[in-house]
Amino acid sequence: MTVNRYTKMAYANADEMVFGRAKFPVKGGLGLEIGAGYAIPELNYAPRPQAGVSKDALVKEYERITKDAMARIVQIGAPAVVLETEHVQQMSNNPSWGAEIAHVQKSILEEYHEEYGVKCGLRHTIGDIREDRDYLALRGSKNDVMLDAFEQCASQGADFLSIESMGGKEVFDYAIVRDDIAGVLFGIGVLGTSDMEFVWQNIASIAKKTGRVAAGDTDCAQANTAMFIAGGLLDKNLAHTTAIVARCIAAARSLAAYESGATGPGKDCGYENTIVKAISGVPITQEGKTSTCAHSDVMGNLTMQCCDMWSNESVEYHGEFGGTTVQVWVESLAYDCSLMNTALKTGNEKVLRDLLMLSDRYRDPQGYVLAYDNAYRVGEAIAKNGNDTYLRSKAAAETCCTILDEGVKSGKLSLTKFELNALAAVQKDLAALPTEKSKFVENCMTKYKAEIPVFKTENYVL
Amino acid sequence: MLDFKKEDIATILVRYNVAMEKTMTPDEAAEQLYPKDKLLKAVAVAIYDGEEDDVIDALDALLDAGKDPLKLIDEALLPGMAVVSALYDEGIIFLPNVMMSADAMLEGIDYCKSKTKEIPQSKGTVICHVAEGDVHDIGKNIVAALLRADGFDVIDLGRDVPVDEVVSKAAEVKPVMVTGTALMTTTMYAFKEVNDKMVEKGLNIPFACGGGAVNQEFVESYSLGVYGEEAAEAAKFANYILKNGANIDNLRDEFHFH
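Protein chains in written order, with this note's numbering: chain A, 1 to 462; chain B, 463 to 720.
Next up, the structure:
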């Protein structure tokens, strides 16, 4: 597989982008075409803590989860669904575990597809297990086990293959809690992108070999860490302006999956996905108001604006008044999708898209920049510098800052003094960065090798 | 594209952080908390600024004035860090400021230690770890840094720590508290095993747990568990234990909010 950089936008303008429709739809699973004019619920779940004690217990847990979810889909008349199994570590470290679970789940989906005609599919998100106890170990035997997990799961029924890859996280974790934007850019934009190219060329090969779909990645390990540390409006752990700069850099990184052979659908927790969709045209999953079971964010409606699948992020499997959690949440997702699909069929999709976007547009700087019109602008900055992973990440960060400045000047986006100061500091730091990747990499290698004991440069080929 | 008039936005959402922001700048607030002594203040200012070289320069000035290096830890460095912690608790500064200040203060402690053969007395020891099977350690790193900044010795066992390693280290050093962090539901189950093995060994040590999927209900399901929602609570737990003892019920009464 080769890496083909994006240097042009898939969409001629931001207004072309809507939910349920992608420039390049993806066929997969049992009768599904994602991004082909209808939105699809994508349910995600986690086994109960005690289910991890043995392979049998874990397989049984996922069997219950799958049966419950599919039963509810039929009971409420939903036409399509994707189930996403994010591996717990046992399933990826022992590829046969994940494979058996994929087989059991897929068998249930096939029964529902045959009996009721439900369009459905199974995403398996393999755990990024490429680490030793103290260090990332991105290349070598752990990588081999991970790729084996991909292949076995794909062979046994997983339709869509994903991962939340971790490259660059050791530098990012150090940098983000020190307001070190160069480190954030290096961790996400340079190291993360490089690792994704390595990982995704291999995943794409496996998908081709097994007839499955190399779906997509997310910068969960980094940009979501920033978002979670930033927290709600009153939390005091990280400026939300800094978090959205990290997010925009993450778009330049997550794009690398599609440059390395993936085709979508992108992963739900990649809040950078609207930017990625604008550049690549691949279908994306997103999460927001229906992922409050997993975490809070400050853009619960807005993230739905251009999604092709709509997710709940994750919920622990247990009972609720309305059924088991997977039944409760898949129902919520399905009704949200029903509304989007009604808008699509009646020609009101742009109205609904704008209502979703506008309801959160000024709630927080993160939502402001991710609003589809602004996200498109960040995408343009990335595509314009598409051939240089450093420069495109830097351009994404700079454009993010410009958009925030404009929002403040319009009088509609209100920032705290703290956020304004943090934004000014980021702009100053970005302005001081080198204009050449080689110089930036040299500087960062020297600095972070000295400051971060767990940073092992042999993990990366830059 | 739809948009609001500026005056309509407040009917849809409220930026409470903007509305409630304190008028005093962080620098002004810090100024009110610094020690009065000029030389001690210089240490505090350097810590607040997160400038490691300035901390060393300020310590040198105190050493030149005849101060005992070990006493400087308690009399200059920890009070300087306390200014930062107080500003963080009041919501005037954010976590990255605290982390950079902690780095600077710890550099200062190492410097003071290098100037004497005596061993400083810490407030107490806390063992930190990430659950077995879990490698997500940013939360643990923040917890460890904030505990150190508060004057505790931290034994950082790292991530993906086997249950038996946590228990044997706890048995060996009898810490004020053990902390455990986990991101995933399946890995946090290791906390129960740590708890049960500590109980078996008669180690009645508060076990502060938090992170990603961890919740209060789960932590209360094992006898030594105390749930921490924020990393900054760890130092509060440890200080509470030093002052009031290691009674788990009392800790839960004080710190469990749900």
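Glycine is no exception: its CB is placed at the ideal position from the N, C-alpha and C atoms.
The count of Cβ pairs closer than 8 Å, one atom from the region 225-236 of chain A and one from the region 543-562 of chain B, reaches three, so the stretches are in contact.
About 3 Å separates the CB atoms of residue 22 of chain A and residue 35 of chain A; that is less than 8 Å, so the two are in contact.
Legend: CB atoms of the region 140-156 of chain A lying less than 7 Å from CB atoms of chain B are not found in any residue. The C-alpha of residue 353 of chain A is placed about 14 Å away from the C-alpha of residue 374 of chain A. Its chain contains 300, 301 as the residues whose beta carbon lies nearer than 7 Å to that of residue 289 of chain A, once the 5 sequence neighbours on both sides are disregarded; these appear in chain order. Considering only A/62, A/116, A/1, the residue with the shortest C-alpha distance to residue 79 of chain A is A/116.
Between residue 123 of chain A and residue 170 of chain A, the gap from beta carbon to beta carbon reaches 7 Å or more. Nearest in C-alpha terms to residue 662 of chain B, of all of B/681, B/632, B/610, is B/632. The Cβ atoms of residue 1 of chain A and residue 156 of chain A do not sit closer than 7 Å to each other. By the CB criterion at 7 Å, residue 26 of chain A and residue 213 of chain A fall inside the cutoff. For residue 214 of chain A, the enclosing beta strand (DSSP E) has its first and last residue at 213-216. Rounded to the nearest whole angstrom, the C-alpha separation of residue 216 of chain A and residue 480 of chain B is 37 Å. Put simply, the CB of residue 597 of chain B is near chain A, with a gap under 7 Å to one of its CB atoms. Residues 430 of the same chain have their beta carbon placed closer than 6 Å to that of residue 398 of chain A, with the five preceding and five following residues left out of the count. DSSP places residue 588 of chain B inside the beta strand (DSSP E), whose first and last residues are 587-592.
When Cβ pairs closer than 8 Å are counted between the two stretches, the region 51-67 of chain A is seen not to touch the region 387-402 of chain A, the count staying below three. Scanning chain B for C-beta atoms nearer than 7 Å to the C-beta of residue 223 of chain A yields nothing, as the closest lies near 13 Å away. Shown in chain order are the members of the region 308-333 of chain A whose Cβ falls below 7 Å from a Cβ of chain B: 316. A distance of 7 Å or more separates the beta carbons of residue 613 of chain B and residue 665 of chain B. Taking the Cβ atoms as the reference, residue 172 of chain A lies roughly 6 Å from residue 184 of chain A, within the contact range of under 8 Å. Looking at the DSSP output, residue 84 of chain A shares a beta bridge with A/44, A/123. Taking residue 682 of chain B as reference, the option from B/645, B/597, B/711 with the minimal CA-CA separation is B/711. Where residue 274 of chain A is concerned, the enclosing alpha helix (DSSP H) starts and stops at 273-280. Put simply, the backbone Cα of residue 229 of chain A is about 6 Å away from that of residue 238 of chain A.
Chain A places no beta carbon closer than 7 Å to that of residue 677 of chain B, leaving this residue out of the contacts. Counting other Cβ atoms within 10 Å of its Cβ, residue 720 of chain B stays below 16 and is therefore classed as exposed.
One alpha carbon belongs to residue 312 of chain A, the other to residue 294 of chain A, and they sit about 8 Å apart. DSSP, read as helix, strand or coil, puts residue 33 of chain A in strand. Contact between residue 220 of chain A and residue 153 of chain A is absent: CB atoms are separated by about 19 Å, not below the 8 Å threshold. Per DSSP, the unbroken beta strand (DSSP E) holding residue 25 of chain A starts and ends at 21-28. The C-alpha of residue 635 of chain B is placed about 28 Å away from the C-alpha of residue 538 of chain B. Shown here, residue 379 of chain A sits in a helix according to DSSP, grouped into three states.
Under the Cβ distance rule, residue 205 of chain A does not count among the residues neighbouring chain B, no pair being separated by less than 7 Å. Interface criterion met: the Cβ of residue 358 of chain A is under 7 Å from a Cβ in chain B.
In its chain, beyond the 5 residues on either side, 20, 341 have a beta carbon closer than 6 Å to the beta carbon of residue 38 of chain A. The three-state reading of DSSP puts residue 309 of chain A in strand, counting E and B together.
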